[in-house]
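Data first, discussion second: the structure below is written as structure tokens.
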Amino acid sequence: MNRTIRRTSVFCLLLVLALLGRATWVQAYQAKALAENDHNRRKTIAQYAQPLGDIIVAGNPVTGSKRTEGGDLAYKRTYTQGELYSAVTGYSSQAYGATQLEGIYSHVLDGTDDRLKNPLDALTRKQAAPGNVLTTIDPDVQKAAYEALGGDKGAAVAIDPKTGRILGMVSTPSYDPSRISGTTDGEAWQKLLDDEDKPMVNRALRQPLAPGSTFKLVVAAAALEDGLYGSVDERTESPNPYTLPGTSTVLSNENPSAPCENATLRTALQYSCNNVFAKAAVDLGQDKVRAMAEKFGFNTDKLDVPVRASKSVYPTGMDRPQTALTGIGQFEVTATPLQMAMVSAALANGGELAAPHMVSAVTDSKDNPLQEFGDGDTERVVSESTAEQLRSAMVTVVEEGTGTNARIAGAEVGGKTGTAQNGVGNSKSPYAWFTSYAKDASTGKEVAVAVVVEDSGAARSEVSGNGLAAPIAQKMMKAALAG
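Okay, structure coming up:
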């Protein structure tokens, strides 16, 4: 054979072998990756080929599906009371993907999860009937939070302290996910993106802010656990006014006439005395305060409920004046409403923090469980004695102190207000906070709540935790105890 022909034949054979090898590689090893690639149109077609499964609240779906007209996507997602539940569901959009529960459980909801397939489906590659996601949300608590927040920019979270079940999660201003669920909703999508109030941000989970005086509960817990003070009724060593160590900066109290000099922790929580908690943070040192904060959940970037919450932060590497400011929930301390609800929940539950979660089960189309999430998976944060003492002090706050708007007749209610500085030199409207718990001895029902109002439109002089946030928490707690 001619040498040139032989070389050409060998080269062609190598090309054929390379093509066969590549085809084998794609089919055997890359098929799954290609099938799941977000740019694969077949994946989107399969996702919306049939009515989607539902997200369930108290036995009723808050989602649905609607037949589309034309195109290759047969169905699109709809929402019942979309604005009320958007902080829970997220959105499922043919054009923009899916978020929150819609995103996390997309394969269950569209029927492509392997756990939904029977042996015959697996052989025939038939798409299974979609499954459902069962939430822990109490519709009465959810509605109470949403209506109470009204036109305010803010968020609220309610937790069952014993089980960790999230009973309510609201972020306002909200949005209706139905408006962006199709392929021709570009104008509505852009309007949401351009909105300065960021309605698609879940403020309950994803926007940590300075917690202000609500953080004083964490400092008080650290002081009691460390033995800095033996009880909430022992007088502290807290000069008033208090000068930040090593500086000439005087830290004032909101109420100049409050009995804050050398006040007990109970009195200091009742009147929200800055001098007491700033001094306690310095006396304890940042490491001890941070250790306590982390027991409550700060500084973790893996808090999944199952939607991942942004990290609430207690900072490191501070000097003593900065440490003092962290004692009143300022400097670089940040927290989500979920995090501050967890603080009250742990204290309400005898010092044990039950893992917060808002999904109880994932099921197939016949309600058979694919995955169940147990309640009461707890970790001890503080001793029972410390928790009991702080609950008692929180009751004093509500009965005789700065949190009177949270009272509920016939129930034990404890709380802590907070008004956090916002902007350089506190140039912007402060954040109004309230974290609390309520117990009904006659029914055994309990709830822990945190509320933040970022902006209510109220005059600066009218912004306070008791004035803006506590009434919202009160309505949520009342709904939870009545449910």
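In terms of numbering that gives the first Met the number 0, the sequence shown opens at residue 0 and continues consecutively. Using N, Cα and C, we set each Cβ at its ideal position, and we do this for glycine too. Because the structure is a prediction, the values reported are computed rather than measured.
For residue 75 and residue 56, the gap between their C-alpha atoms comes out near 20 Å. Inclusion of residue 207 and residue 88 in the CB contact set at 8 Å is not warranted, their separation being larger than that value. Within the region 237-309, the complete alpha helix (DSSP H) runs of at least 4 residues fall at 264-270, 273-283, 285-295. Put simply, the region 205-223 does not touch the region 364-376. Fewer than three CB pairs are less than 8 Å apart. When C-beta atoms of the region 159-168 are compared with those of the region 431-448, three or more pairs fall below 8 Å, so the two segments count as touching. A direct Cα-Cα distance of roughly 10 Å separates residue 308 from residue 202. Linking residue 339 to residue 414 through their CA atoms gives a straight-line distance of about 11 Å. Along the length of the region 382-459, whole alpha helix (DSSP H) runs at least 4 residues long occupy 383-399, reported in chain order. Nearest neighbour of residue 367 by Cα position, chosen from 10, 94, 44, 133, turns out to be 133. The criterion of a C-beta distance shorter than 8 Å is satisfied by residue 453 and residue 153. Between the region 235-243 and the region 272-288, the count of C-beta pairs closer than 8 Å reaches three or more; the two stretches touch. In the DSSP assignment, the residues bridged to residue 368 are 362. The C-beta of residue 404 has 16 or more other C-beta atoms within 10 Å across all chains shown, which makes the residue buried. Cβ-Cβ distances below 6 Å link residue 135 to 164, 165, 357, 359 in the same chain, with the five nearest sequence neighbours on each side left out; the list follows chain order. Distance from the Cα of residue 401 is smallest, within the candidate group 416, 381, 387, 390, for 416. Here residue 331 carries a coil assignment [DSSP, helix/strand/coil].
Under the DSSP assignment, residue 471 falls in the alpha helix (DSSP H) whose first and last residues are 469-481. In this structure residue 52 touches residue 108 by the C-beta definition: roughly 4 Å separates them, less than 8 Å. Between residue 345 and residue 295, the gap from beta carbon to beta carbon is short of 8 Å. At a cut-off of 3 residues, not a single continuous stretch assigned as beta strand (DSSP E) sits fully inside the region 175-247.
Excluding its 5 nearest sequence neighbours in each direction, residue 45 has C-beta neighbours in its own chain below 8 Å: 109, 111, 126, listed in chain order. Cβ-Cβ separation between residue 100 and residue 363: approximately 17 Å, too far for a contact (criterion under 8 Å).
In the displayed model, residue 343 falls within a helix according to three-state DSSP.
With a contact defined as Cβ atoms closer than 8 Å, residue 406 and residue 394 miss out at about 10 Å. According to DSSP, residue pairing for residue 133 in a beta bridge involves 55, 360.
The Cβ atoms of residue 456 and residue 418 lie no closer than 8 Å to each other. Its Cα nearest to that of residue 370, the residue 130 stands out among 433, 130, 409.
Here residue 176 has 78, 81, 85, 90 as same chain residues with Cβ atoms under 6 Å from its own Cβ, once five neighbours each way along the sequence are excluded. Under DSSP, residue 311 takes part in no beta bridge, so it has no partner. In the assembly as shown, residue 235 is a buried residue. Its beta-carbon has 16 or more other beta-carbons within 10 Å. Membership of residue 74 in the beta strand (DSSP E) is indicated by the continuous run 74-78. Where residue 100 is concerned, there is no enclosing beta strand (DSSP E), although the alpha helix (DSSP H) around it starts and stops at 99-103. Looking at the backbone, the Cα of residue 279 and that of residue 427 are separated by about 28 Å. In chain order, 132, 361 place their CB closer than 7 Å to the CB of residue 104, counting only its own chain and leaving out the 5 sequence neighbours on each side.
Minimum Cα-Cα distance from residue 381 among the listed residues 391, 389, 350 corresponds to 350. Excluding its 5 nearest sequence neighbours in each direction, residue 220 has C-beta neighbours in its own chain below 7 Å: 291, 381, 385, 389, listed in chain order.
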